[in-house]
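Trainee:
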Amino acid sequence: MALGAPLAAQAPVRAGAEGAAPPPPAPRPRGALVLGGGGAKGGAHIGVLRELERLRVPVDLIAGTSIGAVIGGLYASGMDVDELEALVHSLEWSDLLSDRAPRPLRPFRRKAADERIPSRLELGFNGGRIRFPRGLVSGQNVELTLRSATLPVANVRSFEQLPIPFRAVATDLETGEAAVLGQGELSTAIRASMSIPGAFAPVERDGRLLVDGGLVDNLPVDVARAMGADVVIAVDLTPPLYEADEITSALEVSAQTLRITTLRNTLPSRRALVEGRDLLLQPDVESIAITDFRQLPASIAAGRAAAREREPFLRGLSLDSASYARLRASQQRRGVALPPLDFVRVRGARGTDPDLVAARVRLPLGREVSAAELDQA
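Taking the numbering used here, the leading residue of the sequence shown gets 117, the next gets one more, and so forth.
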């Protein structure tokens, strides 16, 4: 057997001695970007993406959890980094993370009421019992924003068919298991992945109640592997545990329990990365609160800094200028033609005549309606 191996290796050389074509080049390894959860810390993902584009590092697959699903899903839909950064800076996060209409669109009386009662918890009454909502916020403003941002891929139902194949990770609230979302409406999958329990109402999808994926898989390296990744670049925003002397109130106690849960499911993902082949980036965002979206510029800068620290490694993955330009051109979003608007139907109007609401929605029938017109209707 030891003698047979060299002979077998020589056979193709003899057969190809008379000018046979050289063998085709080996296929390029598929690179996956794994983006973890972390709220406002997630601006770091944009910073990492900007550096990957600067260094011409190919991103063939994306898997994300929570804010990682937001940034990753929008990038996978064909947004470039400039569009993505412009979007997150343009959003009124206080309105987005509530169920209120944007302040300029609220009547004076509603504005005054909001100042007197800044937080409103809507209660219901059914069957002789008070009914509490499933979350402080239903998430309707988030969903409207995500639907508008993903409109160019609204007709895509398999996330394999997005400009960059994508998966979002949520948690099945009934079973406690990870729900890997790879089909359906992209905006709904992203919304499910970022539904922090208690803060946002769960998303009902295919008979399941889905909440934030950070409870079970905050850094979904395993999902990227299942998608076919050869090389993984993982961006981990998981904060370290508090020291005992830092836990001084109920707020820190609650935060520590969440950190423990997240860290416990992140450690296996870190260990699954192969040294020398994969890359773990941990931007310095510890000082940024998960709810402080005013710190987005700082978190974006932290992501860029983390990637630059590993620039020698990343340069080993880069493509030549022409190959990278072709790849990125193939990953740009392609606009979807909206069908003409035939009618306006109002659902879920409580205490209001649906026909009256429909009459006040001034949308032109019989022609295409732009996303901007829908937003202003």
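Using N, Cα and C, we set each Cβ at its ideal position, and we do this for glycine too.
Any chance you could list the alpha helix (DSSP H) runs of at least 4 consecutive residues sitting entirely within the region 301-335, in chain order?
Mentor: 302-309, all fully within the region 301-335.
Trainee: I'd like to know if the region 186-196 and the region 369-388 are in contact, where contact means that at least 3 CB-CB pairs between them fall below 8 Å.
Mentor: Judged by Cβ distances under 8 Å, the region 186-196 makes no contact with the region 369-388, as fewer than three pairs qualify.
Trainee: When you compare the CB positions of D288 and R321, do they come within less than 7 Å of one another, or not?
Mentor: Taking the first residue of the sequence shown as 1, we reach residue 288 at position 172. Taking the first residue of the sequence shown as 1, we reach residue 321 at position 205. Taking 7 Å as the Cβ cut-off, D288 and R321 do not qualify as a contacting pair.
Trainee: Considering only the beta carbon of each residue, do V296 and V339 sit closer than 7 Å?
Mentor: To locate residue 296, count along the sequence shown from 1; it is residue 180. To locate residue 339, count along the sequence shown from 1; it is residue 223. Yes; because the gap between Cβ atoms is below 7 Å, this pair is in contact.
Trainee: Taking the C-alpha atoms as reference points, what is the distance between D352 and L479?
Mentor: Here residue 352 is taken as the residue at index 236 of the sequence shown, counted from 1. Here residue 479 is taken as the residue at index 363 of the sequence shown, counted from 1. Cα to Cα, D352 sits roughly 44 Å from L479.
Trainee: Between A418 and the rest of its own chain, which residues show a CB-CB distance below 6 Å, the 5 nearest in sequence each way excluded?
Mentor: Along the sequence shown, read from residue 1 onward, the residue named residue 418 stands at position 302. Closer than 6 Å at Cβ, skipping near neighbours: A160, P399, D400 and V401.
Trainee: Please report how far the alpha carbon of L412 lies from the alpha carbon of A441, in whole angstroms.
Mentor: By one-based count along the sequence shown, residue 412 stands at place 296. By one-based count along the sequence shown, residue 441 stands at place 325. If you take the alpha carbons of L412 and A441, they lie about 28 Å apart.
Trainee: List, from N- to C-terminal side, the beta strand (DSSP E) runs of 3 residues or more that fit wholly inside the region 135-163.
Mentor: Taking only runs of at least 3 residues, the beta strand (DSSP E) segments lying wholly in the region 135-163 are 147-151.
Trainee: Beta strand (DSSP E) containing V401: first to last residue?
Mentor: Residue numbering aside, residue 401 sits at position 285 when the sequence shown is read from its first letter. Here V401 belongs to no beta strand (DSSP E), and DSSP marks it neither H nor E.
Trainee: Is it true that the CB of S311 sits closer than 7 Å to the CB of V332?
Mentor: As a first step, residue 332 is located in the sequence shown; it is residue number 216 there, counting from the start. As a first step, residue 311 is located in the sequence shown; it is residue number 195 there, counting from the start. Contact: no.
Trainee: Quick one: measure Cβ to Cβ for V150 and V337, integer angstroms, because I've assumed they're closer than 8 Å.
Mentor: Counting from 1 along the sequence shown, the entry for residue 150 is found at position 34. Counting from 1 along the sequence shown, the entry for residue 337 is found at position 221. 5 Å between Cβ atoms; contact.
Trainee: I'd like the span of the alpha helix (DSSP H) that includes T468, first residue to last.
Mentor: What you label residue 468 is simply residue 352 of the sequence shown in a count that begins at 1. Here T468 belongs to no alpha helix (DSSP H), and DSSP marks it neither H nor E.
Trainee: With 16 other CB atoms within 10 Å as the buried threshold, where does R283 fall?
Mentor: Walking along the sequence shown from the start, residue 283 turns up at place 167. Its Cβ being crowded by 16 or more others within 10 Å, R283 is buried.
Trainee: Exposed or buried, which one is T181 when buried takes at least 16 other CB atoms within 10 Å?
Mentor: Taking the sequence shown and counting its residues from 1, one reaches residue 181 at position 65. So T181 ends up on the buried side.
Trainee: Checking 7 Å against the spacing of the C-beta atoms, do L163 and I416 come in under that value?
Mentor: Taking the first residue of the sequence shown as position 1, residue 163 is located at position 47. Taking the first residue of the sequence shown as position 1, residue 416 is located at position 300. Looking at the sequence provided, one finds Gly at residue 163 rather than Leu. Yes, they are a contact pair.
Trainee: Across which residues does DSSP place A179 in a beta bridge pair?
Mentor: In the sequence shown, the residue the question calls residue 179 occupies position 63. V150 and R283, per the DSSP bridge assignment.
Trainee: Between A286 and S309, is the Cβ-Cβ spacing less than 7 Å?
Mentor: Taking the first residue of the sequence shown as 1, we reach residue 286 at position 170. Taking the first residue of the sequence shown as 1, we reach residue 309 at position 193. Taking 7 Å as the Cβ cut-off, A286 and S309 qualify as a contacting pair.
Trainee: Measure the C-alpha to C-alpha separation of L481 and V473 and round it to an integer number of angstroms.
Mentor: Taking the sequence shown and counting its residues from 1, the one referred to as residue 481 is at position 365. Taking the sequence shown and counting its residues from 1, the one referred to as residue 473 is at position 357. Cα-Cα distance, rounded: 16 Å.
Trainee: Check E427 in the structure and name its three-state DSSP category.
Mentor: In the sequence shown, the residue the question calls residue 427 occupies position 311. E427 falls in the helix class under three-state DSSP.
Trainee: Could you check if D394 is buried or exposed, using at least 16 other CB atoms within 10 Å of its CB as the buried criterion?
Mentor: Taking the first residue of the sequence shown as 1, we reach residue 394 at position 278. It counts as buried.
Trainee: Could you check which residue in T377, I280 and E208 has the C-alpha nearest to that of F409?
Mentor: Locating residue 409 in the sequence shown gives position 293, where the first residue counts as 1. Ranking the options by Cα distance to F409, first place goes to E208.
Trainee: Can the beta-carbon of R420 be found closer than 7 Å to that of E201?
Mentor: On the sequence shown, residue 420 is found 304 positions in, with the first residue counted as 1. On the sequence shown, residue 201 is found 85 positions in, with the first residue counted as 1. Going by C-beta atoms, R420 is not nearer than 7 Å to E201.
Trainee: Can you tell me whether S303 is buried or exposed, with buried defined as 16 or more other CB within 10 angstroms of its CB?
Mentor: Within the sequence shown, numbered from 1, the residue matching residue 303 stands at position 187. The residue in question, S303, is buried, as its Cβ has 16 or more Cβ neighbours within 10 Å.
Trainee: Which residue or residues does DSSP assign as beta-bridge partners of D288?
Mentor: The sequence position of residue 288 within the sequence shown is 172, counting from 1. The partner list for D288 (beta bridge, DSSP) reads L326.
Trainee: In this structure, does DSSP put D338 in helix, strand or coil?
Mentor: Counted from its first residue, the sequence shown places residue 338 at position 222. Reduced to three states, the DSSP call for D338 is helix.
Trainee: Using the Cα positions of D198 and T291, report the straight-line distance between them to the nearest angstrom.
Mentor: Against the sequence shown, residue 198 aligns to sequence position 82. Against the sequence shown, residue 291 aligns to sequence position 175. Going from the Cα of D198 to the Cα of T291 covers about 39 Å.
Trainee: Based on DSSP bridge pairs, tell me the residues matched to E167.
Mentor: Here the question's residue 167 lines up with position 51 in the sequence shown. In DSSP, E167 forms no bridge with anything.
Trainee: Could you give the C-beta distance for S102 and R273, rounded to a whole number, given that I count them as a contact under 8 Å?
Mentor: It is not possible to answer for residue 102, since the shown part of the chain is limited to 117 through 493.
Trainee: In angstroms with no decimal places, state the Cα-to-Cα distance between G330 and G153.
Mentor: In the sequence shown, the residue the question calls residue 330 occupies position 214. In the sequence shown, the residue the question calls residue 153 occupies position 37. Answer to the nearest angstrom: the Cα atoms are 6 Å apart.
Trainee: Alpha carbon to alpha carbon, how far is I280 from V460?
Mentor: Working through the sequence shown from its first residue, we reach residue 280 at position 164. Working through the sequence shown from its first residue, we reach residue 460 at position 344. Between I280 and V460, the C-alpha separation is close to 33 Å.
Trainee: Which residues mark the beginning and the end of the alpha helix (DSSP H) in which V258 is found?
Mentor: Taking the sequence shown and counting its residues from 1, one reaches residue 258 at position 142. Q256 to A265 is the span of the alpha helix (DSSP H), which, as asked, contains V258.
Trainee: Rounded to whole angstroms, what is the Cα-Cα separation between G314 and V253?
Mentor: Your numbering for residue 314 matches position 198 in the sequence shown. Your numbering for residue 253 matches position 137 in the sequence shown. Distance between the alpha carbons of G314 and V253: 8 Å.
Trainee: Can you tell me whether D458 is buried or exposed? The criterion is at least 16 other CB atoms within 10 Å of its CB, across all chains shown.
Mentor: Walking along the sequence shown from the start, residue 458 turns up at place 342. Burial call: exposed.
Trainee: Between L355 and P138, what straight-line distance do the alpha-carbon atoms span, to the nearest angstrom?
Mentor: By one-based count along the sequence shown, residue 355 stands at place 239. By one-based count along the sequence shown, residue 138 stands at place 22. The amino acid at residue 355 is misidentified as Leu; the sequence shows Pro. C-alpha separation (whole angstroms): 51 Å.
Trainee: So is the beta-carbon of E301 under 6 Å away from any non-hydrogen atom of the ligand FAD?
Mentor: Because no ligand of any kind appears in the structure shown, any question about the ligand FAD cannot be addressed here.
Trainee: My understanding is that A156 touches A350, with C-beta atoms under 8 Å, so please give their C-beta distance in whole angstroms.
Mentor: The residue you call residue 156 lines up with position 40 of the sequence shown. The residue you call residue 350 lines up with position 234 of the sequence shown. Actually they are not in contact, since the Cβ atoms of A156 and A350 sit about 20 Å apart, beyond 8 Å.
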